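Report on the following structure.
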């Protein structure tokens with residue numbers, strides 16, 4: 189940093205004539221050693237990993253951060269030839285909230301896959317049947333239909349809170365499937381119903397009220413959070429509640445309408461326990 193006089197008394201030509209001492213004691217004008225031009229630069233030069241760093245920050249409003257970052261990357265690609273010509277050696281890196289969101293997305297994706305695998309394993313252990321466990325897991329895509337619809341209606345922004353809502357929804361949808369499948373098996377094994385179609389119909393009708401009541405109680409509890417969108421402090425609760433509410437509606441409806449048909453088509457009848465004991 190060189191300070192010379194005032195801005196009124198010193199111009200670019202005067203700066204070019206400033207004498208600079210060489211190692212041999214000679215004095216040469218500064219203009220012969222450097223290019224002098226008027227420009228704007230940061231008042232502080234930051235460094236990281238032995239490289240100069242310039243931070244450009246911005247706030248995102250009325251849009252999701254993912255689409256904003258995509259637009260920024262596209263503009264940089266079109267207008268800043270990084271690594272070419274005068275910009276050789278330069279690179280850009282987007283961090284901050286976007287970087288944290290990307291890390292959280294990856295973690296939640298891994299956890300979501302782990303949750304589904306764990307649910308499938310526990311169902312297989314509980315029912316002692318891979319076929320029954322798979323039928324229960326059919327509730328997951330039924331729930332995802334409503335959850336995706338809820339994200340689309342609420343603005344199409346898939347946030348961290350929405351992903352947490354999807355993971356929560358997987359557990360609720362699995363619970364509904366377990367209630368239906370386990371009761372149908374109970375009717376066959378414990379009550380001795382040998383007509384498979386009649387057992388499925390009876391199990392669906394007898395589990396209609398419990399499944400509707402559990403879904404209704406969960407939905408009524410989340411309804412105030414879903415309706416509080418835009419209020420301070422609702423940035424996390426509202427997307428989560430919307431995903432669970434819409435997913436709960438689709439999974440409950442399809443569970444009672446589609447699951448009995450799938451059970452009739454793919455499941456196998458189970459012999460009553462008394463008959464199994466007599467055979468032994």
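In our numbering, the protein residues as written are 189 to 468.
Ideal placement from N, C-alpha and C gives every residue a C-beta, glycine not left out.
Being a predicted model, the structure only gives us computed values, none of them experimental.
(Q) Using a Cβ-Cβ cutoff of less than 8 Å, which residues in the same chain neighbour residue 363 once the five nearest sequence positions on both sides are dropped? (A) The count along the chain shown starts at 1 and reaches residue 363 at position 175. Closer than 8 Å at Cβ, skipping near neighbours: 402.
Q.
Three Cβ pairs or more, each shorter than 8 Å: is that satisfied between the segment 305 to 318 and the segment 428 to 448?
A. no
(Q) Closest to residue 353 by C-alpha separation, out of 255, 406, 449, would be which residue? (A) Working through the chain shown from its first residue, we reach residue 353 at position 165. When only C-alpha atoms are compared, the closest one is 406.
**Q.** Local conformation of residue 386 per DSSP, three classes
**A.** As a working note, residue 386 is residue 198 in the chain shown. Residue state, collapsed to three classes: helix.
Q.
Just verifying my parser: in three-state terms, what is the DSSP assignment at residue 350?
A. In the chain shown, counting from the first residue as 1, residue 350 sits at position 162. It is helical.
**Q.** DSSP-derived helix/strand/coil call for residue 281
**A.** Walking along the chain shown from the start, residue 281 turns up at place 93. Here residue 281 sits in coil by DSSP.
(Q) Less than 9 Å between CB atoms is the rule here; does residue 376 satisfy it with respect to chain C? (A) Among the protein chains of the structure shown there is no chain C, as only one such chain exists.
Q: Pair every Cβ in the segment 453 to 462 with every Cβ in the segment 368 to 377, then say whether three or more of these pairs are closer than 8 Å.
A: yes
Q. Is the CB-CB distance between residue 392 and residue 447 below 9 Å?
A. Counting from 1 along the chain shown, the entry for residue 392 is found at position 204. Counting from 1 along the chain shown, the entry for residue 447 is found at position 259. Cβ atoms of residue 392 and residue 447: closer than 9 Å.
Q | When 460, 305, 287 are compared against residue 384, the one with the closest alpha-carbon | A | On the chain shown, residue 384 is found 196 positions in, with the first residue counted as 1. Looking at the Cα atoms, 460 is the closest of the given residues.
Q | Through-space distance from residue 276 to residue 241, alpha-carbon basis | A | Within the chain shown, numbered from 1, the residue matching residue 241 stands at position 53. Within the chain shown, numbered from 1, the residue matching residue 276 stands at position 88. If you take the alpha carbons of residue 241 and residue 276, they lie about 15 Å apart.
Q. Taking just the CA atoms, how far does residue 348 sit from residue 427?
A. Against the chain shown, residue 427 aligns to sequence position 239. Against the chain shown, residue 348 aligns to sequence position 160. In a straight line, the C-alpha of residue 427 is about 9 Å away from that of residue 348.
**Q.** Cβ pair residue 417, residue 350 closer than 9 Å
**A.** The count along the chain shown starts at 1 and reaches residue 417 at position 229. The count along the chain shown starts at 1 and reaches residue 350 at position 162. It is not a contact, given that the beta carbons lie outside the stated cut-off.
Q. Which value, in whole angstroms, describes the spacing of the CA atoms of residue 301 and residue 339?
A. Numbered from 1 along the chain shown, position 113 holds the residue referred to as residue 301. Numbered from 1 along the chain shown, position 151 holds the residue referred to as residue 339. Cα to Cα, residue 301 sits roughly 20 Å from residue 339.
Q: Apply the 10 Å Cβ neighbour rule to residue 320 and answer buried if 16 or more other Cβ atoms are within range, or exposed otherwise.
A: Taking the first residue of the chain shown as position 1, residue 320 is located at position 132. Per the 10 Å Cβ criterion, buried.
Q) Taking the C-alpha atoms as reference points, what is the distance between residue 467 and residue 382? A) The count along the chain shown starts at 1 and reaches residue 467 at position 279. The count along the chain shown starts at 1 and reaches residue 382 at position 194. Residue placement at residue 467 is poorly supported in this model, since its pLDDT is 44, which falls under 50; the coordinates are not used for a value here.
Q: Determine the DSSP secondary structure at residue 303, reduced to helix, strand or coil.
A: Here residue 303 refers to the residue found at position 115 of the chain shown. It is helical.
Q.
Once DSSP output is grouped into helix, strand and coil, what is the label at residue 394?
A. Working through the chain shown from its first residue, we reach residue 394 at position 206. Note: residue 394 maps to helix in three-state DSSP.
Q. The beta strand (DSSP E) with residue 459 in it runs from where to where?
A. Counting from one through the chain shown, the residue named residue 459 turns up at place 271. Premise fails: residue 459 is in no beta strand (DSSP E) and is neither H nor E.
Q | Buried or exposed by the 16-neighbour rule on C-beta atoms within 10 Å, applied to residue 356 | A | Translated into positions along the chain shown, residue 356 becomes position 168. Buried.
Q) Can you tell which of 258, 411, 199 has the C-alpha that lies nearest to the C-alpha of residue 430? A) Counted from its first residue, the chain shown places residue 430 at position 242. The shortest Cα separation from residue 430 among 258, 411, 199 belongs to 411.
Q | Cβ neighbours of residue 256 in the same chain (closer than 7 Å, five flanking residues each side left out) | A | Within the chain shown, the letter at position 68 stands for residue 256. Closer than 7 Å at Cβ, skipping near neighbours: 248.
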